[in-house]
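Please read the structure below before turning to the comments.
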Amino acid sequence: MTTTGDSGNASWLMMATALVLLMAPGLAFFYGGMVRTGQIIAMLKMCFFCVVIVTVLWFAVGYSLAFGPDAGGLGVIGTLDHAFLRGVGIDSLTGDVPTVTFAVFHMSFAIVTVALISGSIAGRATMNGWIAFVCAWTLLVYIPMAHWVFDPRGWVAEQLGAVDFAGGTVVEIGSGAAGLALAIVAGKRADFDRQGIRPHNLPLVVIGLSLMWFGWFGFNTGSSLGTPGGAAMAFLNSQLAAGAAMAGWAVTSWWRTRQVGLLDMCMGAVTGLVATTPLAGGIAPVWATVTGFVAGLTCALAISWKYRLGVDDTLDVVGIHGWGGIVGMVMAGLTATGALTGKKGLFYGGSWDLLGKQLTAVVVLGLYAFVMTALIGKAIGATIGLRQPGGMIEHEQAYAEVLSDHLKQLSADDTAAPLREEPESASALVARLREVLMTGRQDN
Numbered sequence: 039m040t041t042t043g044d045s046g047n048a049s050w051l052m053m054a055t056a057l058v059l060l061m062a063p064g065l066a067f068f069y070g071g072m073v074r075t076g077q078i079i080a081m082l083k084m085c086f087f088c089v090v091i092v093t094v095l096w097f098a099v100g101y102s103l104a105f106g107p108d109a110g111g112l113g114v115i116g117t118l119d120h121a122f123l124r125g126v127g128i129d130s131l132t133g134d135v136p137t138v139t140f141a142v143f144h145m146s147f148a149i150v151t152v153a154l155i156s157g158s159i160a161g162r163a164t165m166n167g168w169i170a171f172v173c174a175w176t177l178l179v180y181i182p183m184a185h186w187v188f189d190p191r192g193w194v195a196e197q198l199g200a201v202d203f204a205g206g207t208v209v210e211i212g213s214g215a216a217g218l219a220l221a222i223v224a225g226k227r228a229d230f231d232r233q234g235i236r237p238h239n240l241p242l243v244v245i246g247l248s249l250m251w252f253g254w255f256g257f258n259t260g261s262s263l264g265t266p267g268g269a270a271m272a273f274l275n276s277q278l279a280a281g282a283a284m285a286g287w288a289v290t291s292w293w294r295t296r297q298v299g300l301l302d303m304c305m306g307a308v309t310g311l312v313a314t315t316p317l318a319g320g321i322a323p324v325w326a327t328v329t330g331f332v333a334g335l336t337c338a339l340a341i342s343w344k345y346r347l348g349v350d351d352t353l354d355v356v357g358i359h360g361w362g363g364i365v366g367m368v369m370a371g372l373t374a375t376g377a378l379t380g381k382k383g384l385f386y387g388g389s390w391d392l393l394g395k396q397l398t399a400v401v402v403l404g405l406y407a408f409v410m411t412a413l414i415g416k417a418i419g420a421t422i423g424l425r426q427p428g429g430m431i432e433h434e435q436a437y438a439e440v441l442s443d444h445l446k447q448l449s450a451d452d453t454a455a456p457l458r459e460e461p462e463s464a465s466a467l468v469a470r471l472r473e474v475l476m477t478g479r480q481d482n
């Protein structure tokens, strides 16, 4: 407890926190544009529920369990000494930044992580089931993993000695493994093997990506806290990796389909940002570029495995965040310069030791997130229900029905006064729009 600190670091962390919080609405728009028309409202609600629920849980017990005094000195979980931020005042510091800002910064990580998982079951989860899942997963999965990795006394950070500055394991692999488990528990859509989901609104996807990309600078740079040089390097490396990943994804897409679409570019950028998360400020720019390219190249292949395995990961959470996180952790073990942590990767004179630690963290945290998520999903499914039995939930049905009525009115107007000089009649256009709109009703 002290009254001194670094005003520059404190100011930047507040800005970085605001940037990360911006990723939540960005993700909502990103996912919302990718789903079918009748599912967009549910997708937005699922993401924004995470903002509200996780904020309250983090304030009540989350921060204390993740960053409070270590219980028993085992590096497994914190105590409730700081529940409701008890003992955290205006003069409290973590390092040389205000503890309150540090707490909100990591709260924003928790919000984004849980929201990411929603993409794996987009269009087929009940809202009550999702709300229960957010509560349970935050308390039982995210918070313990945050203590293991982000708290210096956590077993991954201290006993194991793996490197993960901004959540390559906790955020990316955690959400990817959880998305895989939840998609298996929820089951497939009826038309999963026959018809992929086409984004209904690509401009909305681009808006969402822009907000996420902008917010990721806070995600990767804020984690360095009091290391200005590390934050600057993370800023540069994040941008380089995103651009290189776009190119890598484009190569795979062209090789497979002989075309590169706007959605391919958007997905590629996300994979590059994901892959830099473990150690964005601790690798050289050239390796950040290589990391992004490899992530884009391989994640574009990884997303196709859901069809071979029969797992309906609707918006490719597993292939992008899970596999992208693995690529980032491995590349950190190979290319870490030692500038931030003193631990050098294999390509910089280090031994195989760091790479082994990185892989151990990947396996242990991935398995923990997968098993716990499956248990939580099963429990919710057996009680209040996780899977929506029909195609669309009530407010989505109402949304579709209102639009359908409007289309019928347009059709009636067309019958009364046919449009001239159009290659396709208004009636045919209305029928086509109704067909697209009602496609979401076939999901179950």
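Just add 38 to wherever you are in the sequence shown, counting from 1, and you've got our numbering.
Heads up, the beta-carbon is just placed ideally off N, CA and C, and yes, glycines get one too.
Since the structure is predicted, the reported quantities are computational estimates derived from the model, not experimental observations.
Check                                                                                                                     : Outcome
Opening and closing residue of the alpha helix (DSSP H) in which Thr327 lies                                              : 323-340
Sub-7 angstroms separation of Lys395 and Leu198 beta-carbons                                                              : yes
Closest residue to Gln22 among Phe97, Trp287, Thr259 (Cα-Cα distance)                                                     : What is shown of the chain runs 39 to 482, which leaves residue 22 out entirely.
Close beta carbons around Met183, own chain, < 8 angstroms, minus the five adjacent residues each side                    : Thr207, Val208, Gly212, Leu403, Tyr406, Ala407
C-beta contact flag for Ala318 and Ala333 at 7 angstroms                                                                  : no
Start-end ranges of the beta strand (DSSP E) lying completely within the segment 378-436, minimum 3 residues              : none
Euclidean distance between Cα positions of Ala438 and Arg74                                                               : With a pLDDT of only 47 at Ala438, under 50, the local geometry of the prediction cannot be trusted, and no value is derived from it.
Any 3 or more C-beta pairs closer than 8 angstroms across the segment 155-167 and the segment 350-363                     : yes
Given Ser146 as reference, the closest of Thr176, His120, Arg296, Gly127 once Cα atoms are compared                       : Thr176
Of the residues Tyr386, Ala280, Thr375, the one placed nearest Phe252, counting alpha carbons only                        : Ala280
Val244, DSSP secondary structure in three states                                                                          : helix
Residue burial classification, Asp391 (beta-carbon count within 10 angstroms, cutoff 16)                                  : exposed
Among Gly387, Ile422, Thr309, the one whose alpha carbon lies nearest that of Ile341                                      : Thr309
Inter-residue CB distance, Gly320 and Ala377 (contact presumed, cutoff 8 angstroms)                                       : 6 angstroms
Minimum C-alpha distance to Ser49 - residue among Ala104, Phe140, Ile91, Glu210                                           : Phe140
Neighbour-count burial assignment, Glu196, 16 or more Cβ in a 10 Å radius                                                 : exposed
Start and end residues, alpha helix (DSSP H) containing Tyr345                                                            : 343-347
Within-7 angstroms CB hit, Val142 to chain B                                                                              : Protein chain content of the structure displayed is limited to a single chain, and chain B is not contained in it.
Outcome for Asp229 when other beta-carbon atoms lying within 10 angstroms are tallied against a minimum of 16             : exposed
Close-in-space but distant-in-sequence residues of the same chain around Gly46 (CB under 8 angstroms, 5 per side omitted) : Pro266
Neighbourhood of Phe385 by C-beta, 6 angstroms cutoff - its chain only, sequence neighbours within 5 removed              : Leu372, Thr373
Gly106 and Asp119 closer than 7 angstroms at C-beta                                                                       : yes
Assigned secondary structure, Val135 (DSSP; H/G/I helix, E/B strand, else coil)                                           : strand
Thr55 to Gly256 span [Cα, whole Å]                                                                                        : 6 angstroms
One or two residues paired with Gly217 in a DSSP bridge                                                                   : DSSP output for Gly217 lists no bridge partner at all.
When Thr164, Leu103, Asp108, Thr132 are compared against Phe122, the one with the closest alpha-carbon                    : Leu103
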